[in-house]
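**Q**
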């Protein structure tokens, strides 16, 4: 029974930590020069990045 309580407390702590870091990350201002990266991105090998040119073609073609 004690293991279940420890697991629940650990899950609550990890969830709270995630929520706090998520909140703080969204409050962080965008650095100067990084406001509009889509226009400057020429593409790299990470095709799942939202700034990759192939992603904008998928969105525009819908």
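In the numbering used here, the protein residues as written are 55 to 116. By construction, the Cβ of each residue, glycine as well, lies at the ideal position given by its N, Cα and C atoms. Predicted model only: the values in this text are computed from it and were never measured.
(1) Give the secondary structure of residue 114 by DSSP, where H, G and I count as helix, E and B as strand, and everything else as coil.
(2) Output the distance between the C-alpha atoms of residue 63 and residue 75, rounded to the nearest integer angstrom.
(3) Within the 8 Å Cβ cut-off, does residue 84 reach chain B?
(4) Rounded to a whole number of angstroms, what is the C-alpha to C-alpha distance between residue 100 and residue 67?
**A** If we stick to the structure as given:
(1) For residue 114, the predicted structure reports a pLDDT of 47, less than 50, and the residue's modelled location is therefore unreliable. A value from the coordinates is still provided. Residue 114: helix per DSSP, three-state reduction.
(2) 18 Å
(3) In the displayed structure, chain B is absent; only one protein chain is listed.
(4) 33 Å
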